[in-house]
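Asks: In this text, residue positions in the sequence shown follow the numbering used here: the first is 2, and each later residue adds one. Think of the CB as a built atom: it goes at the ideal place given N, C-alpha and C, for glycine as much as any other residue. It should be emphasised that the depicted structure is a prediction, and the values quoted were computed from it without experimental measurement.
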Amino acid sequence: MSNQSLHDCIEQASSIIGKTWPLYGFVTSNPLSGYEALDFQHAIQEATKYIGGAALPTGTMFREAWENGEFDVDILQEILVEADFFQDQEHYLKVLESAEAKPIYNSTQLLDRIVTKWLCAFMDEGMAEWEMPGRSKGFFASWRRLAIYDQELGFSAMTKIPETAEEALTIVLDGYSYEERIDLCKYHIAALPGWTGYIKYRVTEGSLWQQKCPVTLKDYLAVRLWIAKHLCAEAIAAPTAVQLPSESFKLHYIWLKAWEKSWQHQMTARLTKNLTELETAPKIERTPAVQMVFCIDTRSELIRRHIEAKGDYETFGYAGFFGIATDYQDQTSGLIRKSCPPILSSAYTIYETPIPGKIAEVTNFQRQKGHQKFADFLTTRMKNMLPSAFGYVEGAGLFYGCSLLWRTVFTRFFKGFKSMSADAQEAICRPDLHSNSSEENKNNITLDEKVAIVRSAFVLLGWQKFAPLVVFTGHGSHSANNPFGSSLDCGACAASPGRHNARMLASLANMPEVRNALREQFGIDIPMTTFFIGAEHNTATDDIVLFDAEVPESHRQLTKRLKADLSEMSHSAISERLGHKNGAKIALKKSENWAETRPEWGLAGNAGFIVAPRSITKDMNLGGRCFLHSYDWQMDEEGLSLEMIMQGPMVVTQWINNHYYFSTVNNEKFGGGSKITHNVTGKFGVVQGNGGDLKTGLPLQSVNRSDKSIFHQPLRLSVIIQSPLQRIKNILLKNNQLQQLIDNEWIYLMVMDPLSNNEIRQYDKNGAWLLVSHEK
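#1: Are the beta-carbon atoms of Phe523 and Arg456 separated by less than 8 Å?
#2: List the residues that DSSP assigns as beta-bridge partners of Pro355.
#3: List the endpoints of the continuous beta strand (DSSP E) containing Val687.
#4: Beta-carbon within less than 7 Å of Lys419's beta-carbon, same chain only, minus the 5 sequence neighbours each way: which residues are those?
#5: Return the CA-CA distance between Thr217 and Ser3, expressed in angstroms with no decimal places.
#6: Hey, Ile351 and Glu551 are a contact pair by Cβ (cut 8 Å); roughly how many whole angstroms apart?
#7: If you compare alpha carbons, which of Ser664, Pro528, Ala148, Gly624 is closest to Arg300?
#8: With three or more C-beta pairs closer than 8 Å as the rule, is the stretch 532 to 546 touching the stretch 582 to 589?
#9: Start and end of the alpha helix (DSSP H) containing Tyr202?
#10: From this set, Asn759, Val704, Ser571, which residue's C-alpha is nearest Ser607's C-alpha?
#11: Between Ile677, Val294, Gly693, which has its C-alpha nearest Thr700's C-alpha?
#12: Which residue spans inside the stretch 150 to 174 form an unbroken alpha helix (DSSP H) run of at least 4?
#13: Go to Asp754, then tell me how far its alpha helix (DSSP H) extends in each direction, as first and last residue.
#14: According to DSSP, is Ile534 helix, strand or coil?
#15: Pull up the distance between the alpha-carbon of Gly805 and that of Leu147, whole angstroms please.
#16: Under a Cβ-count criterion, where at least 16 other Cβ atoms within 10 Å of its own Cβ denotes burial, should Val82 be classed as buried or exposed?
#17: Taking the straight line between their C-alpha atoms, what separation do you get for Asp73 and Trp260?
#18: Need the endpoints of the beta strand (DSSP E) that Lys213 sits in, please.
#19: Between the beta-carbon of Val294 and the beta-carbon of Phe317, is there less than 8 Å?
#20: Between the stretch 656 to 676 and the stretch 24 to 40, can you find at least three pairs of beta-carbon atoms closer than 8 Å?
#21: Mind checking which residues open and close the beta strand (DSSP E) that includes Phe317?
#22: May I ask you to report which of helix, strand or coil DSSP gives Tyr349?
#23: Among the residues of its own chain, which have a CB less than 7 Å from the CB of Met647, if the five just before and after it don't count?
#24: Could you pull out every unbroken beta strand (DSSP E) segment of at least 3 residues lying fully inside the stretch 266 to 297, listed in chain order?
#25: Indicate the three-state DSSP secondary structure (helix, strand or coil) for Asp765 in the structure shown.
#26: Measure the alpha-carbon distance for Thr697 versus Thr171 and round it to whole angstroms.
#27: So, is the C-beta of Leu567 closer than 8 Å to a C-beta in chain B?
#28: I need the DSSP call for Asp184, collapsed to helix, strand or coil.
#29: Hey, how far is the Cα of Asp637 from the Cα of Ile721?
#30: List the DSSP bridge partners of Phe610.
#31: Find out if the Cβ-Cβ distance for the pair Leu718, Gln655 is shorter than 8 Å.
#32: Helix, strand or coil for Asp328? Go by DSSP, reduced to three states.
#33: Secondary structure at Ser420, three-state DSSP: helix, strand or coil?
#34: Helix, strand or coil, according to DSSP, for Ile545 in the structure here?
#35: When burial is assigned at 16 or more other CB atoms within 10 Å of the CB, is Gly603 buried or exposed?
#36: To the nearest whole angstrom, what separates the beta carbons of Lys670 and Gly176, a pair I think is in contact under 8 Å?
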């Protein structure tokens, strides 16, 4: 078998897994992204053939939704009859409950455990004090050198292991046809989808650790199959996964479709009603005192509604990276992290520059952070190094006991301490944008580039009038002792907080030369009285912090009033979210409690993505279930802005939706398992208990109220766009990937056509657009 043939075989086989993102940048993504060329039904059947387990909601989940009134009985009956199911609905619900998939016996358990042991040692990212030797030569070469010392393998010094991964795979796969080789590679890649998904991430993202300690799926397969050949030969054969009977699968899928269509029917009916009320309401043209731009994140919907209800405020929705394809360098650690969607290449890097007159404060801040960093490093070394570990733990036990007690009882103190640390840098530094194109020209950001970034935001948002104060509000979450904490930050910023991008956009929009160019070239006239600032929305507590260190004296009073109002609105919003008048205290306690498994619900409940002016959804309580992107079709004559929204934010929201869907329907296979028994490995992932596969999805506590009761309703994403229908058709004709996602029902697409009295039509297969009717 040639190297090219082997490469093609592994490349094709690797499509069955998605990427496993590291804990420090845990981006939600579709775990079955490699199957999006197939329609949803066939994709989940094909995937579970290799991975095992079910990928549809269980009968227990349907029962819970049924009893909560989430099914429209007429819709369910219609879909059942169309599929030739004629008995009553309760009968089929009992059939679903009795057809739960049984656990699958893992015939490769021994092989999995041995391979996992080696992967864990090799892929460690600084957690282990004594690292595996020879890692710079690659996984297979490093394993080959040390395998004879693993007594479990039973290799001796005389055991001849092939010198290269290619040679090992050629020997093991000899005698199989090309199709059989692909199938074998699929099964063994899918045997540990968490680990192989992380290998896929490291290879495609080109991380620093991948450069230092290279590992590939070819290395993984060579090690795994060589061990299997000599230790448990029966494990080489592809095991057969147990699946639900086809009739049961069909019934499960029917109930899922009915659940989704019931939600769509309710949502479109509410939107239609709201539009009717808006048409009869008196039109008031005014410029608000403050405009706030939030991320499209579902958690922004609640706080936006409370801010708008206060009075002289207007809000917009925009993807939380604010249109800047950038990385961000932390001033203290020097680490650079991605701060834009993973599907984009970073064109820039944001650095921190001292505000004039604040150099002494910056120096002092860096010194304090340096001391803290060294103390943390020393503590970790003392705890982990073999010579000092036992004595250190004995001597420090009393201190740690008191520390845990203090953190448990006095959470408010730790909240204040963390906030001061997080906000201090923004008060003494301003963001500075550098180009990634070349080292020589890194400071040479052209005026045209700056103007393009700012203009893009205004055009996408349909912005026409500017308030005296405009606030770009990024978001991030704050929780204690939470390995999956980054999954609660901004997905549009690759699981980083969005405040850096928000501050950067505000800084660019304040530049006189940018404003002049916008006015002269594009007719976008920003008044001299308008000032832009950045802010951060803490999604765990709904607090909003303004980064107002450079606000001019002319805007100080307005900023002071906004802060007071935001404090009040944050309290009312979190009280609604938690259903308790003391919601602010409860949220604070949850976010700072080191033993809390549910510091916040994240994007659980997401089901819809609405692309339209805010007026379409204004005053509607959407229950935090919809992503909201501002868009004015009348300001986008050529449809370019809408095409960007559909190519970018719509695809990303589909990833998020699919991640929550699969983590809910089968948390063991696609999710993160229970936080209670998590153990962090290598600083980049978690395993359940003392080993096994890396967990790829969201923890059980992020999608379930309890072990048996779901919180997230696993429905595929329904997208509703206000736009002329022909504009949508043209965009789909030009974008095969978007057409594929919609044709294959990974996304449901509905269009509210303003040229046809805002009637709503839903895309059906083969290009048909069916009128959505609310008549019984």
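Replies: Working from what's here:
#1: Their beta carbons are under 8 Å apart, which means Phe523 touches Arg456 by this criterion.
#2: The beta-bridge partner set that DSSP reports for Pro355 consists of Cys430.
#3: Segment 686 to 689, the beta strand (DSSP E) holding Val687.
#4: Any reading at Lys419 is ruled out, since the residue's pLDDT is 44, under 50, leaving its predicted position unreliable.
#5: Between Thr217 and Ser3, the C-alpha separation is close to 18 Å.
#6: Incorrect: roughly 16 Å between the Cβ atoms, too far for contact.
#7: Per the Cα distances, Gly624.
#8: With a cut-off of 8 Å, the stretch 532 to 546 and the stretch 582 to 589 count as touching, because enough Cβ pairs lie within range.
#9: Per DSSP, Tyr202 belongs to the alpha helix (DSSP H) from 194 to 206.
#10: According to the sequence shown, residue 607 is Asn rather than Ser. Closest option to Asn607, judged by alpha-carbon separation, among Asn759, Val704, Ser571: Val704.
#11: What sits at residue 700 in the sequence shown is Pro, not Thr. Cα-wise, what sits closest to Pro700 is Ile677.
#12: Correct list: 166 to 174.
#13: Following the DSSP letters along the chain, one finds Asp754 in no alpha helix (DSSP H) but inside the beta strand (DSSP E) bounded by residues 748 to 754.
#14: Three-state result, Ile534: strand.
#15: It is not possible to answer for residue 805, since the shown part of the chain is limited to 2 through 777.
#16: Around the beta carbon of Val82, fewer than 16 other beta carbons sit within 10 angstroms, so the residue counts as exposed.
#17: So the alpha carbons of these two residues sit roughly 8 Å apart.
#18: Counting along the chain, Lys213 falls outside any beta strand (DSSP E), though it belongs to the alpha helix (DSSP H) covering 209 to 213.
#19: Yes.
#20: In short, these stretches touch, since the Cβ pair count reaches three.
#21: Element bounds for Phe317: 314 to 318.
#22: In this structure, Tyr349 counts as strand in the three-state DSSP scheme.
#23: Only Ile732, Leu739 meet the Cβ criterion.
#24: Segments of the beta strand (DSSP E) lying fully in the stretch 266 to 297: 291 to 295.
#25: In this structure, Asp765 counts as strand in the three-state DSSP scheme.
#26: Rounded to the nearest angstrom, the two C-alpha atoms are 30 Å apart.
#27: Here chain B cannot be found, since the structure has a single protein chain.
#28: Helix.
#29: A direct Cα-Cα distance of roughly 17 Å separates Asp637 from Ile721.
#30: BP columns for Phe610 point to Phe628, Val720.
#31: In this structure, Gln655 lies closer than 8 Å to Leu718 by Cβ.
#32: DSSP places Asp328 in strand when its eight states are reduced to three.
#33: Residue confidence is low: Ser420 scores 42 on pLDDT, short of 50, so the model does not pin down where it sits. No coordinate-derived value is stated.
#34: In the three-state scheme derived from DSSP, where H, G and I count as helix and E and B as strand, Ile545 is classed as strand.
#35: Flag for Gly603 reads buried.
#36: About 31 Å separates the two Cβ atoms, so there is no contact after all.
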